[in-house]
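Student:
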Amino acid sequence: MTAPHAPGLLWLGRLCYLLAWIGSLVLLFLMRQQQVPLYLALLAVAVCVAWYGAYRLRGQPPAPSSMPLSPERAAATEEVADGNSAELYFDRLLTGLSFSWRQCSLELDQAQSLLSNVRHALVEATANARSTGMLALNSMISAAHTGEVGRGFVTVSRDLVAISEQSSEDLASIERILTRVDARLGQTRGPLARPLSTYLDNPAAAPIQTFQDIVNQVQSAQESLRRIADRYQRSSQADVRWLQLGDAVRRLLNEVINVLYQFELRLTDVISDMRLLKLSGTLSAHQMSELQDHLNTGAMPEISG
C-alpha cells in the first residue's frame, strides 16, 4: 500500500531529474562553444540521454505486480490458486482413470479370448499325450515277447511312455491353472461393464478389494506357469520329442504370461486411480495440492489436517 506522502516525493524526484537533464543540455551547449573535443561532447550527450531516461522511468506508475497485496487479498489469491490446482489434478485423475478403465476392458477381452483358445488346445493335447502313452505301452508289452530283437523297441517305447505321462500331467496342470485364473478374470467383467460414473458418484462402492484379489490371483498364476516353463527349459532330456514338446510349451506359456501381465498392469492402474479418487473426496483444496506435489516426487505424504 502507498504511503500518504509518496505523491510529493514522486514529483520532487521528477523535478530533480528534469533539472539535471536541462543542466546536461546547457553543459553540452557550452562545451561546443568552447571547441571542446568531440569525445567529450559525445560523453555529455550520453549523460543527457541517461538523465532523460531516468526521468521517464521515474514518472511511470508502479506496476500492479510490484504493489503489495493486503493480507486478505493475498489469502484469497492463494486459496484460488490452490482450488485451481486441485481441480486440475482431479481432472487429470479422472482422465487417467477413464483411459485405464477402457483399456482394462480391452485387455480383459484379449486375455479371456486367449485363455479360451489355449484351454481347448490343452484338452486336445492332453488326450493325445495319453493316447500316445497307451499306444507306446501296448507296443512295449508286445515287443517284450519278441526276445532279443524287440529289446531296442522296448527301450524306446519306455521313454515315450515316460514323456507322454509327464507331458500329460503338465498339460493338465496348465489347464487347471488357466481354468482358475479365467474364472477370476470373469469376476471383473461385471464391475467393468458398469459406467464409470457409477463409482464417481459413490467412490466408497468402488470394487477395489475385488480387483486387488484378482491381481493377486493373476500374479500367482503367472508364477505357477513360469515354474512349468522353467522345468522344460532346464530339462536334461535329450530326446527330440521332449525338446520339441518343451519348445512348444514354453512358447505357449510365454504368450499366456504376457497377456496376463498386461492385464495385471492395467488393472493395477485402475486400482491406484480409484484409491486416489476415493481419498480425494475427503480432502480440501490445499490437501489435494499437497498430495499432488508428493505424488510427483514419488512419495506418499501424511495429509495435514
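Just so we're aligned: 1657 in the numbering used here is position 222 of the sequence shown, and the numbers increase by one with no gaps anywhere.
Note that beta-carbon positions come from the ideal geometry of N, C-alpha and C, so glycine has one too.
So LEU1714 and LEU1532 are in contact, right, with Cβ under 8 Å, and what is the actual spacing, rounded?
Tutor: Contact between LEU1714 and LEU1532 does not hold, since their C-beta atoms are separated by about 13 Å, which reaches or exceeds 8 Å.
Student: On a Cα-Cα basis, can you pick out the residue from ILE1643, ARG1666, VAL1694 that is closest to ASP1682?
Tutor: ARG1666
Student: ALA1388 lies in the alpha helix (DSSP H); which residues open and close that run?
Tutor: No statement about residue 1388 is possible, as the shown extent of the chain runs from 1436 to 1740 and does not include it.
Student: Determine the contact status of VAL1553 and VAL1691, defining contact as a CB-CB distance below 8 Å.
Tutor: Taking 8 Å as the Cβ cut-off, VAL1553 and VAL1691 qualify as a contacting pair.
Student: Beta carbon of ARG1701, beta carbon of SER1548: below 8 Å?
Tutor: Not closer than 8 Å, so no.
Student: Quick one: using the 10 Å Cβ neighbour count with 16 as the cut-off for buried, is GLN1668 buried or exposed?
Tutor: In this structure GLN1668 is exposed. Its beta-carbon is surrounded by fewer than 16 other beta-carbon atoms within 10 angstroms.
Student: How big is the Cα-Cα spacing for LEU1478 and LEU1460?
Tutor: Here the alpha carbons of LEU1460 and LEU1478 stand approximately 12 Å from one another.
Student: Between the Cα of ASP1617 and those of LEU1631, ASP1708, LEU1695, PHE1464, spot the shortest distance and give me the residue it belongs to.
Tutor: LEU1695
Student: To the nearest angstrom, how far is the alpha carbon of GLN1697 from that of ALA1664?
Tutor: 19 Å
Student: Which same chain residues, not among the five before or five after THR1703, have their C-beta less than 8 Å away from its C-beta?
Tutor: VAL1650
Student: Does the distance from the C-beta atom of ALA1656 to that of ARG1615 stay below 8 Å?
Tutor: yes
Student: DSSP on ASN1651, reduced to helix/strand/coil?
Tutor: helix
Student: Let me know the secondary structure DSSP gives ALA1641 once reduced to three states.
Tutor: coil
Student: For LEU1627, collect the residues of the same chain with a Cβ closer than 8 Å to its Cβ; drop the 5 residues on either side in sequence, then sort them by chain order.
Tutor: TRP1536, CYS1539, SER1540, LEU1543
Student: With a threshold of 16 other CB atoms inside 10 Å of the CB of ILE1643, please say whether the residue is buried or exposed.
Tutor: buried
Student: If we ignore side chains and look at the alpha-carbon of each, how far apart do LEU1660 and ALA1607 end up?
Tutor: 12 Å
Student: Can you tell which of LEU1635, ARG1662, GLN1622, LEU1687 has its C-alpha closest to the C-alpha of ASP1526?
Tutor: LEU1635
Student: Within a Cβ cutoff of 8 Å, which residues of the same chain sit near LEU1631, ignoring the five residues on either side of it in sequence?
Tutor: LEU1532, SER1533, TRP1536
Student: Given this structure, state the Cα-to-Cα distance separating ASN1573 from GLN1622, to the nearest angstrom.
Tutor: Residue placement at ASN1573 is poorly supported in this model, since its pLDDT is 47, which falls under 50; the coordinates still yield a value, given next. Their Cα atoms are separated by approximately 45 Å.
Student: To the nearest angstrom, report how far apart ALA1481 and THR1530 are at their CA atoms.
Tutor: Each residue's Cα considered, the two are about 60 Å apart.
Student: With the cut-off set at 8 Å, would you say GLN1654 and GLU1604 are in Cβ contact?
Tutor: no
Student: Can you tell me which of the three DSSP states LEU1631 falls into?
Tutor: It is coil, neither helix nor strand.
Student: Comparing alpha-carbon positions, which option in LEU1550, LEU1454, LEU1523, GLY1458 lies nearest LEU1688?
Tutor: LEU1550
Student: What number of angstroms, rounded off, separates the C-alpha of ILE1612 from the C-alpha of GLN1652?
Tutor: 10 Å
Student: Whose C-alpha, out of LEU1454, ASN1693, ARG1685, PHE1646, is nearest the C-alpha of ASP1708?
Tutor: Checked all of LEU1454, ASN1693, ARG1685, PHE1646; the closest Cα to ASP1708 is PHE1646.
Student: Out of LEU1620, ALA1546, ALA1485, state which residue places its alpha-carbon closest to the alpha-carbon of ALA1455.
Tutor: Of the candidates LEU1620, ALA1546, ALA1485, the residue whose Cα lies closest to the Cα of ALA1455 is ALA1485.
Student: Roughly how many whole angstroms lie between the Cα atoms of CYS1451 and GLY1458?
Tutor: In this structure, the alpha-carbon of CYS1451 lies about 10 Å from that of GLY1458.
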